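Residue numbers (our numbering), protein chains in the order written: chain A, 13 to 551; chain B, 13 to 551; chain C, 13 to 551. Where a beta carbon is used, it is the ideal one built from N, C-alpha and C, also for glycine. Given the structure is predicted, the values throughout are model-derived calculations rather than measurements. All remarks here apply to the structure that follows.
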Amino acid sequence: MLTKILKSMLFLLFVHALPSVAYAKQDDISFQQLKDKYYQDHPGKGKFGDLWEPIPIQKYWNPKDFYKPPTTVTGEVTREQCVVCHQSVTPGAFHAWQNSTHANLDKIRNMPNAKDPRFYKKAKLAEVEQQLAKQGLLKEGEQLKDVGCIDCHGSVGAKSIQHDKDLVMPDRAQCGTCHTTEFAEAESEKEQEWPQGQWSKGHPSHAMDWKANVETAIWAGMAEREIAQGCDMCHYQQNKCDGCHTRHTFSAAEARQPEACSTCHNGVDHNEWENYLLSKHGTVYLTQGKQKWNFEVPLKDAITKGGYTAPTCQTCHFEFEGEYSHNLVRKVRWAFNPTPAIADNLSHPWFEDRKEAWQQTCSNCHSPSFAESYLTAADKGTIAGLKVEQEAKKVVEALYNDGLLPGQKTNRPQPPKPEKDAAGGFFQLFWAKGNNPSHVERVYADMWEHDVIKLYKGLFHANPGGFTYTEGWSELMRDYAIIMDENTKLREAAGKTAQNGESPTRAALREFKDAVASRYVLGSLLVAAGIVVIRSRKR
Amino acid sequence: MLTKILKSMLFLLFVHALPSVAYAKQDDISFQQLKDKYYQDHPGKGKFGDLWEPIPIQKYWNPKDFYKPPTTVTGEVTREQCVVCHQSVTPGAFHAWQNSTHANLDKIRNMPNAKDPRFYKKAKLAEVEQQLAKQGLLKEGEQLKDVGCIDCHGSVGAKSIQHDKDLVMPDRAQCGTCHTTEFAEAESEKEQEWPQGQWSKGHPSHAMDWKANVETAIWAGMAEREIAQGCDMCHYQQNKCDGCHTRHTFSAAEARQPEACSTCHNGVDHNEWENYLLSKHGTVYLTQGKQKWNFEVPLKDAITKGGYTAPTCQTCHFEFEGEYSHNLVRKVRWAFNPTPAIADNLSHPWFEDRKEAWQQTCSNCHSPSFAESYLTAADKGTIAGLKVEQEAKKVVEALYNDGLLPGQKTNRPQPPKPEKDAAGGFFQLFWAKGNNPSHVERVYADMWEHDVIKLYKGLFHANPGGFTYTEGWSELMRDYAIIMDENTKLREAAGKTAQNGESPTRAALREFKDAVASRYVLGSLLVAAGIVVIRSRKR
Amino acid sequence: MLTKILKSMLFLLFVHALPSVAYAKQDDISFQQLKDKYYQDHPGKGKFGDLWEPIPIQKYWNPKDFYKPPTTVTGEVTREQCVVCHQSVTPGAFHAWQNSTHANLDKIRNMPNAKDPRFYKKAKLAEVEQQLAKQGLLKEGEQLKDVGCIDCHGSVGAKSIQHDKDLVMPDRAQCGTCHTTEFAEAESEKEQEWPQGQWSKGHPSHAMDWKANVETAIWAGMAEREIAQGCDMCHYQQNKCDGCHTRHTFSAAEARQPEACSTCHNGVDHNEWENYLLSKHGTVYLTQGKQKWNFEVPLKDAITKGGYTAPTCQTCHFEFEGEYSHNLVRKVRWAFNPTPAIADNLSHPWFEDRKEAWQQTCSNCHSPSFAESYLTAADKGTIAGLKVEQEAKKVVEALYNDGLLPGQKTNRPQPPKPEKDAAGGFFQLFWAKGNNPSHVERVYADMWEHDVIKLYKGLFHANPGGFTYTEGWSELMRDYAIIMDENTKLREAAGKTAQNGESPTRAALREFKDAVASRYVLGSLLVAAGIVVIRSRKR
């Protein structure tokens, strides 16, 4: 323990003395290389691309592949004209920009007071200018005046563009032209590799969320493209930076507040937002943070200079061994969805090391003993839920394999290509036709895709109701009960014997024999008796 | 496009030069006329009034018809006595009032600084005084000192009232005595007419929400009046103004914040509040708006002077073609509830013009192309959901018409008058007895009244999880699966043939014949064979 | 009424003149007596303690019984060393403490301005010092310098501790050493007695919530201890004070904000938080309170000095007859869960007096007539829901008693000890195996434990959607429909006769006879006729 403390103290000294150590990496690789790799990795429409066509709104979710400038405004427009005209046509966007850092670089450059929480932006601006000089976009020693419409929607430093030809919607690489460090950090998520192949390389991550989106079979196969594009509205982080730094303020302070994550990280299959708010972390944020914390300070100074007295999404998930970066997957363990392939390997060093890294994170405020105890409880609680789900899975799959689901033999259409039929499959959350899915399958799909995940998220975000009585465990119990109930009924209806592993056909045959043996034999006896009576009377 | 931009610029100039153009209308019609029409349009207890009696609390939801002063305080009380006594008996109400604009008119009148966001109230106060002079309630040139208890709970300018005889709970007209412009704006919602009669004149709107309430059959018929009055708690905007401007601050700044709408606009059948919060609009409001925006400025100056960088409920729904008013229905299209009668007529100019008006609203911040693409996707997504709901509707109605619902023939009580029985009717959300409704009907009622509406609200409020995986589409899929499952089971139980449109009686008859033909023929043969054996032995 | 007003005015005078009248009680009983009684009342592991073992994290939920210092840090550490080391190892905890009142007692002591909202803390500090002097922990007239790590995690005033031997996690008594008044107030909840024994003495309350927790059969019996400890995460108020005053700020201002209650008071079985937020009380809090109210003032000055224009959880639930205290059960009526035993006794003086006390609370802002009308409506609405639930209860219990639940005779495992099987029991929310519970039982368990409670909480917190259409009544209708549907199906499947109170065995027997009488007689006749034909042909 004492060594640990000493190590921590040394570590803190180290971090404070060399705050930019993590950014040094950017020099190893040029912006051009980064950008080339970014486009090379980008899936475009993805492997199912021939099955769907983009609808108009999707040009904003994936501008690289789908955006074309409108032809309603033609001709050359200058840097100044962009601003003047958009002050009138999109005043909201204009005013947001006008009050942003982008429009007020001199305020940063001339900031006199080192105690201003935004003082760090001075060095950041110098870094950006250096970066642009390296790319030949600024002369050595030249200063950026401002970042206006044309720099992002045309090209950095452009004097004018052809509105109907050159207009672009900025992608990650466009933002990365200036913000190369952050671009490099974010793209480094693609390097993540799972020790037992639980997820394929780079997944799950913001850096590959568009690929994950378009290569999901039911997403590609759904006829309702306007519903499907709802998935894109979150799964576009691979394409753009405005998911967290919203237009046209692009505020770092905004992106440091938990609400920045809430649009995507809420709801039935990843309710991190609700869990955070209802944890004690959330209470402190809502009662103290909103009024008193300074979100202008960089994350590394959150506690010391920002006055944070509780964590935010950002302070935990951007951090790894005391360093903050746009790579959010460095401590990922259960990732998006608890599975046996993870549960069975938690003692592997890959997972153990990450648990250790989490303990270090929690130890910003809690004792290592508290952190370890809590994380272990959360692991075991997650595994307990997984066990229930796996038991239900077998029951539902057996019903499917035995052909006992309602309408399974008479009215079970195939899901749309490239999707394939399966019992309780993911596609059944987004597609239904005839008796596919049956009710019991949908309950099971909710169980593995919603209940177990909410259990896990509730546990790890320390929201007690989120994993005991409101979400998570209690929901697992309810869905388990529905599944077992239905299993009993369907099997009783099909003949109880099918429970013994007999095929339904054999069971049906035997049931028939049983019926004959019981009812008809009795019937026959009665009839025979009747005949005897009739005959005896006849005589 | 260029013409559009020029038009927009001219329009903005126009709006800024003549900010009160929209209010000019008030002069066309006197307060007395407005008031007379208001009472004339008011339904009182409504057309089912003989079926229910108000419970005590309802005197506060509809004071016009139900309020009577308490007899516990008798005698004449002066303007000053009201204040002195209520400082003690209801200190919370007193202090709220004491810090309100009503109690501090001189602060408004003597405001020196035109840059104060509340400076516009100076002109508003003058307008109110003019209005009161017109009504003979102030002498020409006389100034209002303050607005105290007696002005609203007695009559404007009264010196004293008889507490047990004259005390009133203010209704819209009472507020309108001073706030005539706002009263006129709000009442103008009644003029709304739907091109194909999708809703009756003036509906749905705040201005007629009490009528909608009391003329809903199940509301009038329910025995549980204490539950029914819960509907009144929102459906009283036709009666009173404190739904948005809460007692006793009556703050415009409060009413401009999204939370002002949240008490009524949340939950299973109109979750606008949740959708807003979880959209990126909501993120910006929560991360930037709460701290930095100035809600004291009027809506028309929200972007330019208020610092808004995202919309609120109010900036979108009070706006129409650049003008702001208390008439919130001028851009209504899908209204409360998507129906085929709307879906089938979206290309009608009435709907097209309103879509255009929405595009103008969105274009405050977004490009027209973005706005058009998004609105079209939202329309089509809504229609996709409607299609699923309509398919389910047919299935449930067929079960009802075929008499196949559980207990339908043995234990289906009629709903209370004036309600009439129907498959999956609205009343089934609020009333249940015996086997009415059956489970499958309730699922369908949830589908059309909750799932489809949430889908639509999620789409139009740009909350991705609100229409894809948490609410909306995924719920529709689940409810569809339950309905199809149940349909298959009930029809199989009743004999599969009923699916072919045969009446259940015929089906039952044929099923009997089939049974005889299959089981009994076999039985007979077995018996006959037995007899043969018996007889042959006998011989 | 006039007398009431006079009484109120006198009362207010009285309260303002003698703000500390309620605290006088503390002198009657010494800290030592309080502490002794606290430990004497504490259940430790409770009556089922032999059935479960604590897991590591539980040492933080009940430190008194389970906490042992870590052995990783050994040796003696001084008051100063604690602080220096923890500044490095747990910087978040350190900085929270550093900015807290505990670390800045001199700022309180030297506060010059009586208008500072925290001025009242000056007297509080003197009271604490007096208390410590009484216990011999300070010399007469000696001042506390600060409250550091060692005072709470060792003992008040200690110079040094053995880290691996003396370290404690503070419990209620440890906080009570200084905060004796608050400790006494909180402990006085144990004196609550219900007039008809609806709850056992002292229940439900924060002061006995750990006992309630560990003596709940299913909590003690559950195999999944990591899930069960989720209950502890709220049910630890009996053990510790940091549930409301979170570590390491221990802020009174934080604990006065509604979010302080939200971690525990949310969700399916006690959604007070959601109801508050969605009521008009919540709107005012969110739109005005967050920005303008001063939470540093004590609750008794909330309206007059704090600027509150709406209630918080604290202003209503800490108040009783105008006085504020940490005893929150003095106005409890329906408590946690509406039951017939409460509904049937509301006219008893115990309940009537408390209703009167509530009216006084509401009358801070509302008229007594409004308060009375609303509270009566809420009572009656709650009773209406209870009636529906009780009807459903009979149906489910009859199914259980008749042995008709799916799998009841073939696959219904007993719940874990000490739990006992029951239809729709509480345990079925947290445990499921085989066909226990059946689906219909779980629906019923949700009904009584969730729907009715949400109805009641929605009514009393004035959230209209919370008791009409989203939660409460509409959910009761849905669950009732599911239960009646299933009842009809199960009884039809078992032979309709079982509905007449006949035992299933008798019913089955008669069903068999009926079948023989109907089908087989007909079959026999047909066969006989066939035989006649055959025979006649043979002749």
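- Burial check for residue 90 of chain B: the Cβ neighbour count within 10 Å stays below 16, so the residue is exposed.
- For residue 412 of chain C, the three-state secondary structure derived from DSSP is helix.
- Neighbourhood of residue 377 of chain B in chain A, by CB distance below 7 Å: 102, 104, 105, in chain order.
- Apart from the 5 residues on each side of it in sequence, residue 499 of chain A sits with its Cβ closer than 6 Å to the Cβ of 407 in its chain, given in chain order.
- Interface criterion not met: the Cβ of residue 197 of chain C is under 8 Å from no Cβ in chain A.
- Beta-bridge annotation (DSSP): residue 89 of chain B is paired with B/173.
- Annotation for residue 425 of chain C: no alpha helix (DSSP H) segment contains it, and DSSP assigns it neither H nor E.
- Under the Cβ distance rule, residue 442 of chain C counts among the residues neighbouring chain A, one pair being separated by less than 8 Å.
- According to DSSP, residue 336 of chain A shares a beta bridge with A/331.
- With 16 or more other Cβ atoms from the protein chains shown falling within 10 Å of its own Cβ, residue 47 of chain A counts as buried.
- 8 Å or more divides the Cβ of residue 205 of chain A from the Cβ of residue 55 of chain A.
- By the neighbour-count definition (other C-beta atoms within 10 Å, threshold 16), residue 272 of chain B is a buried residue.
- Annotation for residue 499 of chain A: the continuous alpha helix (DSSP H) segment containing it runs 485-505.
- With three or more CB-CB distances shorter than 8 Å, the stretch 438-453 of chain C counts as touching the stretch 412-428 of chain C.
- Assigned with DSSP and collapsed to three states, residue 119 of chain A falls in helix.
- Look at residue 317 of chain B here: in three-state DSSP terms it is coil, with no helix or strand label.
- Residue-level contact check: residue 307 of chain C does not touch chain B, since none of the beta carbons of chain B fall below 8 Å from its beta carbon.
- Taking 9 Å as the upper bound on Cβ-Cβ separation, chain A lies near residues 470, 471, 474, 475, 476, 477, 478, 479, 480, 481, 482, 483, 484 of the stretch 470-484 of chain B.
- The beta-carbon separation of residue 257 of chain B and residue 221 of chain B, rounded to 16 Å, does not stay under the 8 Å limit for a contact.
- Closest in alpha carbon position to residue 293 of chain A, among C/250, C/155, C/105, is C/105.
- If the five residues before and after residue 217 of chain C are omitted, its C-beta is found closer than 6 Å to the C-beta atoms of 201, 341, all from its own chain and listed in chain order.
- Distance from the CA of residue 41 of chain A to the CA of residue 143 of chain A, rounded to the nearest whole angstrom, comes to 12 Å.
- When Cβ-Cβ separations below 8 Å define contact, residue 287 of chain B makes no contact with chain C.
- Nearest CB-CB separation between residue 490 of chain C and chain B: below the 8 Å threshold.
- Nearest in C-alpha terms to residue 108 of chain A, of all of B/45, B/234, B/318, B/76, is B/318.
- Bridge pairing for residue 448 of chain C: C/445 [DSSP].
- Using a Cβ distance threshold of 8 Å, residue 460 of chain A and residue 237 of chain A do not count as a contacting pair.
- Scanning chain A for C-beta atoms nearer than 7 Å to the C-beta of residue 418 of chain C yields 497, 500, 501, reported in chain order.
- In its own chain, leaving out the 5 sequence neighbours on each side, no residue places its CB closer than 6 Å to the CB of residue 438 of chain A.
- Within chain B, the residues whose beta carbon sits less than 7 Å from that of residue 246 of chain A are 476, listed in sequence order.
- Taking 8 Å as the CB threshold, residue 372 of chain B stays off the interface with chain A.
- One finds nothing in chain A with a Cβ atom closer than 9 Å to the Cβ of residue 147 of chain B; even the nearest lies about 39 Å away.
- In the assembly as shown, residue 203 of chain A is an exposed residue. Its beta-carbon has fewer than 16 other beta-carbons within 10 Å.
- In this structure, the straight-line span from the alpha carbon of residue 93 of chain A to that of residue 195 of chain A is close to 30 Å.
- A straight-line Cα-Cα distance of about 33 Å links residue 480 of chain A and residue 166 of chain C.
- In this structure, residue 291 of chain C places its C-beta atom within 8 Å of the C-beta atom of residue 473 of chain C.
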